[in-house]
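K.L.:
I'd like to ask you about the structure that follows.
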Amino acid sequence: MNEDIKFILDSTKEAMDDAMKHLEKQFVNIRAGKASPAMLGSVMVNYYGSQTPLSQVANVNTPDGRTITVQPWEKNMLQEIERGIMISNLGFNPMNNGDIIIINVPPLTEERRINLSKQAKAEAEEAKIGVRNARKEANNDIKNLDDVSEDLQQNAEIDVQQMTDKYVKNIDHVFEVKEKEIMTL
Numbered sequence: 076m077n078e079d080i081k082f083i084l085d086s087t088k089e090a091m092d093d094a095m096k097h098l099e100k101q102f103v104n105i106r107a108g109k110a111s112p113a114m115l116g117s118v119m120v121n122y123y124g125s126q127t128p129l130s131q132v133a134n135v136n137t138p139d140g141r142t143i144t145v146q147p148w149e150k151n152m153l154q155e156i157e158r159g160i161m162i163s164n165l166g167f168n169p170m171n172n173g174d175i176i177i178i179n180v181p182p183l184t185e186e187r188r189i190n191l192s193k194q195a196k197a198e199a200e201e202a203k204i205g206v207r208n209a210r211k212e213a214n215n216d217i218k219n220l221d222d223v224s225e226d227l228q229q230n231a232e233i234d235v236q237q238m239t240d241k242y243v244k245n246i247d248h249v250f251e252v253k254e255k256e257i258m259t260l
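Residue numbering for the sequence shown follows the working numbering, starting at 76 and increasing by one per position.
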């Protein structure tokens with residue numbers, strides 16, 4: 076295989092992998108009813124004057140599917156952590172018992188589940204757009220190669236299309252799993 080074509084195929088695969096990784100990251104932020112420490116991943120806390128991720132000032136656990144506990148490493152951080160959770164606008168109501176912060180994760184309503192499902196579908200479509208853009212870029216790069224025969228160019232384009240089909244199918248599968256997770260009570 077021509078080195079230029081190999082490079083184009085490798086960079087296309089990398090771009091499509093990045094689209095998948097981004098989708099999976101976005102799906103972690105879409106909660107599906109069960110409590111998870113990742114739900115507080117975006118919370119920032121004022122730690123001695125600087126904004127610090129919650130995970131760097133406290134231990135975040137889920138003792139059961141409906142509860143998140145936050146245990147600060149320094150007791151004097153309880154109010155700051157509580158404030159950080161409120162400011163993050165996640166819709167949680169933290170309760171401070173003097174030692175730890177307890178967050179009850181409310182069950183999702185049917186309407187909220189449908190909205191989360193739509194949000195997940197939109198993220199999946201964005202990932203597909205990323206994959207298709209990588210395909211378009213690769214095909215343009217292949218067409219612009221001067222020192223490669225038409226047969227090699229056509230074979231490379233077929234490889235790119237097969238890669239695209241595989242990633243789109245994978246995105247659909249990941250979305251189906253997430254949608255089922257969201258819609259399951």
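Every residue, glycine too, gets a C-beta built ideally from N, C-alpha and C.
According to DSSP, is Val145 part of a helix, a strand, or is it coil?
P.N.:
When DSSP states are grouped into helix, strand and coil, Val145 belongs to the strand group.
K.L.:
Quick test of the definition: if touching needs 3 or more C-beta pairs under 8 Å, does the stretch 233-252 touch the stretch 93-100?
P.N.:
yes
K.L.:
Just to confirm, are Thr144 and Ile189 a CB contact at a threshold of 8 Å?
P.N.:
no
K.L.:
Reducing DSSP to helix, strand and coil, say where Pro112 ends up.
P.N.:
helix
K.L.:
Using the three-state DSSP reduction, which class does Val120 fall into: helix, strand or coil?
P.N.:
strand
K.L.:
With a threshold of 16 other CB atoms inside 10 Å of the CB of Gly159, please say whether the residue is buried or exposed.
P.N.:
buried
K.L.:
Give the DSSP-derived three-state secondary structure of Asp85 in the structure shown.
P.N.:
helix
K.L.:
Could you check the C-alpha separation between Arg207 and Gln236 for me, to the nearest Å?
P.N.:
9 Å
K.L.:
In chain order, which alpha helix (DSSP H) runs of at least 4 residues are fully inside the stretch 180-239?
P.N.:
Listed in chain order, the alpha helix (DSSP H) elements of length 4 or more contained wholly in the stretch 180-239 are 185-218.
K.L.:
Would you tell me roughly how many angstroms separate the C-alpha atoms of Met161 and Val118, rounded to the nearest one?
P.N.:
9 Å
K.L.:
I'd like the span of the alpha helix (DSSP H) that includes Gln154, first residue to last.
P.N.:
153-162
K.L.:
For Met238, tell me which candidate among Arg187, Arg210, Ile156 has the shortest Cα-Cα distance.
P.N.:
Among Arg187, Arg210, Ile156, the Cα nearest to that of Met238 belongs to Arg210.
K.L.:
Taking DSSP as the reference, what is the three-state secondary structure of Asn134?
P.N.:
strand
K.L.:
From the DSSP output, read off the bridge partner residues of Met170.
P.N.:
Paired residue(s): Ile177.
K.L.:
Considering only the alpha carbon of each residue, which of Lys109, Lys196, Gly116, Ala195 lies closest to Asn164?
P.N.:
Closest by C-alpha distance to Asn164, out of Lys109, Lys196, Gly116, Ala195, is Gly116.
K.L.:
State yes or no: is the C-beta of Leu153 within less than 8 Å of the C-beta of Asn168?
P.N.:
no
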